[in-house]
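*Asks:* In the working numbering, the protein residues as written are 354 to 845.
Where a beta carbon is used, it is the ideal one built from N, C-alpha and C, also for glycine.
There's a structure below that I have some questions on.
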């Protein structure tokens, strides 16, 4: 954790008051009622996959771990809270020695997850567990959303038969909502499968490969486009990529790039690529490819940018665009089509007389009725392919040598029996009694995990539009408990 704290994106940061006021008012109310040390359990989960996707890429756990590890109230925090004139001095003195003493179980970053599954299970004194809600949701919501959007874009780029595996570079720094959104968004995009970023702070913090050439202002600042290209090739002879759409792609940009490319070739160097940032990318890339090939520059790559997303990329590929790599900015870093994931943080159990009692939130909307109790998430595999996830109570045990009947928790008549299956428990301990017990992986390891995870699911589930619904079921015991609590509520 010390190493994490020294990353530029974390260095000298303090986020204890990154929370909503009502967290403090609830904490103060519990303190006044002398209930602040009662132990509770909260689940973090989301209800609907974003962007019409079939799954979500879990991300943001590193930021959660850093936050909990450094959680404390400074004198400045206490002075501000005192200035609100809402809290007693006794309460503020209690906060002076505050730190996180709870337990956290979480699904590791890079795991493929689905609606209603606890991504984190947080246990501890209610005053502590209440405080962290807003920050934890912020971290998990944002990075999981961007990692998922990045995966959709990367999967689209990989459908190109002419250029299989064509890479995607994240270029959204200037369009991100703020600094944190840009850096952690770049991290999440890399987790999702992007090969690099234009963001130097993200590159420094996470050793993500960085990429960038020149902007239109560079070209405009020279007497001519050709002068600008020559100067750039001289400055970066080993990595020359030229932006060809400042004036006219086909009449000026590509011909000038060809002249520079041929000069470099004669000098024993090579022009690495050209970038097109406007216009009809399918038409322009095909014409540019023919021009480059005719000039003997068949190895020069064509990079496209200009407000790309997964839909435009797929359309361009369908239209035969000759594009070797993609620079994606605004639509990725903001997840503009679906700008919120919607994770929630719900109380599911409370300790009473040294025993856990389940808690449930009831709603007229069936999708908003919570699953009560301390739970775990089990992934079930048949022939090494994930076939369903099962949410069960933590004490439940399952014998993989015995057949298991699964059923839809809403439409219970929909059932199936699986045999010869393998069980993987997804939630792992992160904090125990406030101590970090989990070794945070490098972002490169998380990225590799995503590739491994995706291959565990059928192509129908990974389909970008109208994917097949992956089944997330409840154990019989959990389902029975939920119905019992609903019956008790209705009978009051």
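Excluding five sequence neighbours on each side, which residues of the same chain lie with their C-beta closer than 8 Å to the C-beta of residue 480?
*Replies:* On the chain shown, residue 480 is found 127 positions in, with the first residue counted as 1. Excluding sequence neighbours, residue 480 sits near 380, 383, 384, 389, 390.
*Asks:* Which complete alpha helix (DSSP H) runs does the region 669-751 hold, if anything under 4 residues is left out?
*Replies:* If we require 4 residues or more, the alpha helix (DSSP H) runs fully inside the region 669-751 come out as 683-686.
*Asks:* Assuming the contact rule is C-beta atoms closer than 8 Å, residue 567 and residue 603 should be a hit. Round their C-beta distance to whole Å, please.
*Replies:* Stepping through the chain shown from its first residue, residue 567 is reached at position 214. Stepping through the chain shown from its first residue, residue 603 is reached at position 250. The Cβ separation is near 20 Å, so there is no contact.
*Asks:* What does the alpha-carbon distance come out to for the pair residue 680 and residue 517?
*Replies:* The residue you call residue 680 lines up with position 327 of the chain shown. The residue you call residue 517 lines up with position 164 of the chain shown. Cα to Cα, residue 680 sits roughly 16 Å from residue 517.
*Asks:* Helix or strand or just coil, what does DSSP make of residue 651?
*Replies:* Locating residue 651 in the chain shown gives position 298, where the first residue counts as 1. Of the three classes helix, strand and coil, the one that applies to residue 651 here is coil, per DSSP.
*Asks:* DSSP three-state label for residue 474, please.
*Replies:* Here residue 474 corresponds to residue number 121 of the chain shown, with the count starting at 1. Three-state DSSP puts residue 474 in a strand.
*Asks:* According to the Cβ coordinates, are residue 838 and residue 713 closer than 8 Å?
*Replies:* Indexing the chain shown from 1 puts residue 838 at position 485. Indexing the chain shown from 1 puts residue 713 at position 360. Yes; because the gap between Cβ atoms is below 8 Å, this pair is in contact.
*Asks:* Note down the Cα distance separating residue 708 from residue 727, rounded to an integer number of angstroms.
*Replies:* Start at 1 with the first residue of the chain shown, and residue 708 comes out as number 355. Start at 1 with the first residue of the chain shown, and residue 727 comes out as number 374. One C-alpha to the other measures close to 12 Å.
*Asks:* Give me, in chain order, the residues of the same chain whose beta-carbon lies closer than 8 Å to that of residue 416; leave out the 5 immediate sequence neighbours on both sides.
*Replies:* Here the question's residue 416 lines up with position 63 in the chain shown. Cβ within range, chain order: 492, 496, 537.
*Asks:* Which residues mark the beginning and the end of the beta strand (DSSP E) in which residue 768 is found?
*Replies:* As a position in the chain shown, residue 768 is number 415, starting the count at 1. Residues 768-771.
*Asks:* Check for me: the alpha helix (DSSP H) holding residue 830 runs from which residue to which?
*Replies:* Here residue 830 refers to the residue found at position 477 when the chain shown is read from its first residue. Its alpha helix (DSSP H) spans residues 829-844.
*Asks:* Would you call the region 395-415 in contact with the region 808-827, where contact means no fewer than 3 C-beta pairs closer than 8 Å?
*Replies:* Yes, the region 395-415 is in contact with the region 808-827.
*Asks:* Taking residue 513 as the reference, give the member of 663, 729, 361 with the closest Cα.
*Replies:* The residue given as residue 513 occupies position 160 in the chain shown. Selected option, being the one with the closest Cα: 663.
*Asks:* Do residue 410 and residue 545 have their CB atoms nearer than 8 Å?
*Replies:* On the chain shown, residue 410 is found 57 positions in, with the first residue counted as 1. On the chain shown, residue 545 is found 192 positions in, with the first residue counted as 1. Yes, these two residues count as a Cβ contact at 8 Å.
*Asks:* So residue 418 and residue 793 are in contact, right, with Cβ under 8 Å, and what is the actual spacing, rounded?
*Replies:* Along the chain shown, read from residue 1 onward, the residue named residue 418 stands at position 65. Along the chain shown, read from residue 1 onward, the residue named residue 793 stands at position 440. Going by Cβ atoms, the distance from residue 418 to residue 793 rounds to 6 Å, so yes, they are a contact pair.
*Asks:* Identify the residues that DSSP records as bridge partners of residue 396: which are they?
*Replies:* The residue labelled residue 396 in the question sits at position 43 within the chain shown. 474, 699.
*Asks:* To which residues of the same chain is residue 494 closer than 6 Å at the C-beta, ignoring the five residues directly before and after it?
*Replies:* Numbered from 1 along the chain shown, position 141 holds the residue referred to as residue 494. Hits under 6 Å: 694, 696.
*Asks:* Does the region 549-558 come close enough to the region 780-791 that 3 or more CB-CB pairs lie under 8 Å?
*Replies:* No, they do not touch.
*Asks:* Do you know offhand how far residue 643's Cα is from residue 626's?
*Replies:* To locate residue 643, count along the chain shown from 1; it is residue 290. To locate residue 626, count along the chain shown from 1; it is residue 273. The alpha-carbon atoms of residue 643 and residue 626 are separated by roughly 14 Å.
*Asks:* Cβ of residue 799 within 8 Å of Cβ of residue 463?
*Replies:* As a working mapping, residue 799 is identified with position 446 in the chain shown. As a working mapping, residue 463 is identified with position 110 in the chain shown. Yes, these two residues count as a Cβ contact at 8 Å.
*Asks:* Which class does residue 408 belong to by DSSP, given the choice of helix, strand or coil?
*Replies:* Taking the chain shown and counting its residues from 1, one reaches residue 408 at position 55. Three-state result, residue 408: coil.
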